[in-house]
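Keeping their order, the protein sequence lines are chains G and Y. Everything in the first sequence is counted per my numbering, starting at 1 for the first residue and increasing by one. Everything in the second sequence is counted per my numbering, starting at 220 for the first residue and increasing by one. First up is the structure itself, then whatever we jot down about it.
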Amino acid sequence: MNGPHDLGGAQGFGAVVPERDEPWFHADWERRAFALVLAMGATGAWNLDMSRYARERIPPADYLASTYYDIWRKGMERLLVEQGLATAEEIAGGRSARTPAKLSRKAMAADVLPALARGAPTEREAVAPARFKQGDAVRARTMNPVGHTRLPRYVRGRNGRIAAIRGVHVFPDSNAMGHGEDPRWLYSVAFEARELWGEEARAGDEIRIDLWEAYLEPV
Amino acid sequence: MSAHDHDHHHDHDRDHEGSHLDEVELRVRALETLLTEKGYVDPAALDVFIETYETKVGPRNGAKVVARAWSDETFRRWLFDDATAAIASLGFTGRQGEHMVALENTPDIHNMVVCTLCSCYPWTVLGLPPVWYKSPPYRSRAVIDPRGVLEDFGVAPPEATKIRVWDSTAEVRYMVVPMRPDGTDGMSEDLLADLVTRDSMIGTGLPLAPKAAPGMQK
Numbered sequence: 001m002n003g004p005h006d007l008g009g010a011q012g013f014g015a016v017v018p019e020r021d022e023p024w025f026h027a028d029w030e031r032r033a034f035a036l037v038l039a040m041g042a043t044g045a046w047n048l049d050m051s052r053y054a055r056e057r058i059p060p061a062d063y064l065a066s067t068y069y070d071i072w073r074k075g076m077e078r079l080l081v082e083q084g085l086a087t088a089e090e091i092a093g094g095r096s097a098r099t100p101a102k103l104s105r106k107a108m109a110a111d112v113l114p115a116l117a118r119g120a121p122t123e124r125e126a127v128a129p130a131r132f133k134q135g136d137a138v139r140a141r142t143m144n145p146v147g148h149t150r151l152p153r154y155v156r157g158r159n160g161r162i163a164a165i166r167g168v169h170v171f172p173d174s175n176a177m178g179h180g181e182d183p184r185w186l187y188s189v190a191f192e193a194r195e196l197w198g199e200e201a202r203a204g205d206e207i208r209i210d211l212w213e214a215y216l217e218p219v
Numbered sequence: 220m221s222a223h224d225h226d227h228h229h230d231h232d233r234d235h236e237g238s239h240l241d242e243v244e245l246r247v248r249a250l251e252t253l254l255t256e257k258g259y260v261d262p263a264a265l266d267v268f269i270e271t272y273e274t275k276v277g278p279r280n281g282a283k284v285v286a287r288a289w290s291d292e293t294f295r296r297w298l299f300d301d302a303t304a305a306i307a308s309l310g311f312t313g314r315q316g317e318h319m320v321a322l323e324n325t326p327d328i329h330n331m332v333v334c335t336l337c338s339c340y341p342w343t344v345l346g347l348p349p350v351w352y353k354s355p356p357y358r359s360r361a362v363i364d365p366r367g368v369l370e371d372f373g374v375a376p377p378e379a380t381k382i383r384v385w386d387s388t389a390e391v392r393y394m395v396v397p398m399r400p401d402g403t404d405g406m407s408e409d410l411l412a413d414l415v416t417r418d419s420m421i422g423t424g425l426p427l428a429p430k431a432a433p434g435m436q437k
């Protein structure tokens with residue numbers, strides 16, 4: 001979706017201001033929100049792409065005014081309601097008023113470190129050959145899906161070339177919508193800065209971005 | 220460690236930021252109470268998640284990878300050929316580092332990593348991302364004005380150096396391997412690792428000069 005999260009190339013946000021000796025968290029509620037999101041993710045009630053899509057659907061003015069972990073909180077509250085795990089009233093009141101949903105897993109303290117060390121690889125077996133090879137000229141499709149996508153607006157319709165083949169990976173456009181993993185070939189695609197931004201960009205500068213095969217057409 | 224043990228640390232925050240912060244704190248506390256009462260989360264597991272990312276995972280991991288690459292040619296080639304495996308050989312695996320690619324800075328190419336859509340970042344080698352990395356100014360501008368962003372960090376690559384910006388739009392996670400600083404011949408991996416800053420592995424900084432590194436001041 002063309003949501004507030006798709007920020008590449010937007011202007012007017014000002015300078016980047018790094019914080020010296022930045023702490024990992026800036027308030028205790030950030031710690032707890034972070035851990036709650038990871039713990040709920042571990043239940044299997046939703047996948048990571050669904051989490052991302054829930055954050056992207058926060059209305060634009062609210063998204064841009066929210067701090068990072070508050071965006072995480074708002075996304076998780078939305079998923080809890082959508083998946084039938086809690087009602088908005090229960091979330092606001094902090095008290096359970098209904099029978100809990102049955103979840104397939106629960107992250108216990110002893111499971112956390114092994115699960116983090118395993119991670120969740122997204123590469124899958126190929127079932128069809130890759131359509132493109134390294135060096136091929138491609139164009140990012142012009143498309144405006146209303147669901148989740150990883151094709152940012154700033155590359156749509158622009159010409160690039162296949163810089164590397166990354167293997168077959170879970171397709172977020174499908175996975176985020178709960179339609180299954182639908183794995184597809186993933187490529188590192190190189191775009192010249194001038195192709196994206198015009199003559200004022202510096203010749204030779206490049207943007208490289210990971211794009212699934214469904215986002216690309218041959219030139 | 221429970222939510223309540225931390226309350227006293229943040230009274231000063233409340234004084235400065237007022238009711239909005241109070242509201243967010245209350246919402247998160249209500250969520251934790253609810254999800255625990257529902258039986259969806261184990262409070263002890265929450266503490267392990269927090270402790271892991273506050274004390275065990277951080278840019279020191281990535282600095283060890285870079286120092287090894289600077290010291291060991293076989294490892295360096297492995298890192299650029301199969302970063303996931305090379306990094307795993309040092310014990311760094313898992314969440315948000317499942318599919319790693321290492322990017323080599325050279326006199327010709329300066330690499331810089333961003334996630335314009337959100338906050339994708341190689342947790343296994345750098346830990347959790349800093350606020351600026353997740354915020355609109357960096358996410359919007361890194362792709363359209365990388366030299367301007369580098370200026371915000373006090374970094375000015377030579378005119379002839381090309382900038383290559385990597386937008387992490389999939390599950391591949393990128394780390395930059397900066398150029399080894401001059402004057403470091405014969406330094407041990409431990410001392411070299413002290414020169415490798417977090418920002419030098421994102422591409423918004425450079426490694427420290429040998430005399431400025433903490434390990435050399437002892």
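Glycine included, each C-beta is placed from N, C-alpha and C at the ideal position.
Residue i - partner residues in DSSP beta bridges
i, result
"S188 of chain G", "G:A164, G:D210"
"M143 of chain G", "DSSP output for M143 of chain G lists no bridge partner at all."
"A321 of chain Y", "Y:M394"
"R159 of chain G", "The sequence shown places Asn at residue 159 of chain G, not Arg. DSSP output for N159 of chain G lists G:R139 as bridge partner(s)."
"E123 of chain G", "G:H169"
Extent of the continuous beta strand (DSSP E) to which residue i belongs
i, result
"D173 of chain G", "Segment 172-175 is the alpha helix (DSSP H) holding D173 of chain G; no beta strand (DSSP E) there."
"M331 of chain Y", "328-333"
"R383 of chain Y", "381-386"
"P218 of chain G", "216-218"
Limits of the alpha helix (DSSP H) - the one that residue i falls within
i, result
"E74 of chain G", "Note that residue 74 of chain G is Lys in the sequence shown, not Glu. Taken as a continuous stretch (DSSP letters only), the alpha helix (DSSP H) holding K74 of chain G covers 68-82."
"D418 of chain Y", "417-421"
"M50 of chain G", "48-56"
"P356 of chain Y", "355-360"
"F34 of chain G", "28-41"
"D300 of chain Y", "292-300"
"Y154 of chain G", "Run containing Y154 of chain G: none; DSSP gives neither H nor E here."
"F268 of chain Y", "262-270"
"Y340 of chain Y", "Premise fails: Y340 of chain Y is in no alpha helix (DSSP H) and is neither H nor E."
"W197 of chain G", "193-197"
"Y259 of chain Y", "That residue, Y259 of chain Y, is in no alpha helix (DSSP H); it is neither H nor E in DSSP."
"I91 of chain G", "88-93"
"G367 of chain Y", "365-371"
"R118 of chain G", "109-118"
"A65 of chain G", "60-65"
"D409 of chain Y", "408-412"
Cβ-based burial, residue i [other Cβ within 10 Å; buried from 16]
i, result
"T274 of chain Y", "exposed"
"S407 of chain Y", "exposed"
"T343 of chain Y", "buried"
"H239 of chain Y", "exposed"
"N144 of chain G", "exposed"
"D230 of chain Y", "Here D230 of chain Y scores only 45 on pLDDT, less than 50, and its place in the model should not be relied on; the value that follows carries that caveat. It counts as exposed."
"H5 of chain G", "buried"
"K437 of chain Y", "In this predicted model, K437 of chain Y has a pLDDT of only 39, less than 50, meaning its place in the structure is not dependable; the value taken from the coordinates is given anyway. It counts as exposed."
"E19 of chain G", "exposed"
"D409 of chain Y", "exposed"
"R32 of chain G", "buried"
"E370 of chain Y", "exposed"
"H227 of chain Y", "Unreliable positioning characterises H227 of chain Y in this predicted model, as indicated by a pLDDT of 43, which lies under 50. The coordinate reading is nonetheless provided below. Exposed, since its Cβ has fewer than 16 Cβ neighbours within 10 Å."
"D210 of chain G", "buried"
"P341 of chain Y", "buried"
"E244 of chain Y", "buried"
"R246 of chain Y", "buried"
"T142 of chain G", "exposed"
Contact belief for residue i with residue j at Cβ below 8 angstroms, rounded distance in angstroms
i, j, result
"F191 of chain G", "V155 of chain G", "6 angstroms"
"V384 of chain Y", "V415 of chain Y", "The pair is not a contact, with the Cβ atoms about 21 angstroms apart (cut-off 8 angstroms)."
"L345 of chain Y", "G424 of chain Y", "The pair is not a contact, with the Cβ atoms about 12 angstroms apart (cut-off 8 angstroms)."
"A92 of chain G", "A249 of chain Y", "7 angstroms"
"V112 of chain G", "V267 of chain Y", "4 angstroms"
"H329 of chain Y", "P376 of chain Y", "5 angstroms"
"R166 of chain G", "L186 of chain G", "4 angstroms"
"G119 of chain G", "R314 of chain Y", "4 angstroms"
"A54 of chain G", "L38 of chain G", "Contact doesn't hold; Cβ gap of about 15 angstroms is too wide."
"G44 of chain G", "S51 of chain G", "About 12 angstroms separates the two Cβ atoms, so there is no contact after all."
"I71 of chain G", "D386 of chain Y", "At roughly 19 angstroms, the Cβ-Cβ gap does not stay under 8 angstroms, so I71 of chain G and D386 of chain Y are not in contact."
"Y68 of chain G", "S359 of chain Y", "Contact doesn't hold; Cβ gap of about 15 angstroms is too wide."
"T335 of chain Y", "L7 of chain G", "5 angstroms"
Interface flag, residue i vs chain A, CB-CB below 9 angstroms
i, result
"I209 of chain G", "Absence of chain A from the displayed structure is noted, the protein chains being G and Y."
Residue i: CB within 8 angstroms of a non-hydrogen atom of the ligand MN
i, result
"S407 of chain Y", "The ligand MN is absent from the structure shown, which contains no ligands of any kind."
Does the contact criterion of 3 or more C-beta pairs under 8 angstroms hold for the stretch 10-29 of chain G versus the stretch 303-323 of chain Y? Because the criterion of three Cβ pairs below 8 angstroms is not met, the stretch 10-29 of chain G and the stretch 303-323 of chain Y do not touch.
Mind the definition here: the stretch 253-270 of chain Y touches the stretch 86-99 of chain G only if three or more C-beta pairs lie below 8 angstroms; say whether that holds. The answer is yes - the stretch 86-99 of chain G touches the stretch 253-270 of chain Y, with three or more Cβ pairs under 8 angstroms.
Segment contact, 8 angstroms Cβ cut-off, at least three pairs: the stretch 387-399 of chain Y with the stretch 284-303 of chain Y: Remark: three or more beta-carbon pairs, one from each stretch, lie closer than 8 angstroms, so the stretch 387-399 of chain Y and the stretch 284-303 of chain Y are flagged as touching.
Within 8 angstroms, do at least three Cβ pairs link the stretch 92-106 of chain G to the stretch 134-153 of chain G? No, the stretch 134-153 of chain G is not in contact with the stretch 92-106 of chain G.
Is there contact between the stretch 57-68 of chain G and the stretch 293-305 of chain Y, where contact requires at least three CB pairs shorter than 8 angstroms? Using a Cβ-Cβ distance cut-off of 8 angstroms, the stretch 57-68 of chain G and the stretch 293-305 of chain Y are not in contact, since fewer than three pairs of beta carbons, one from each stretch, lie closer than that value.
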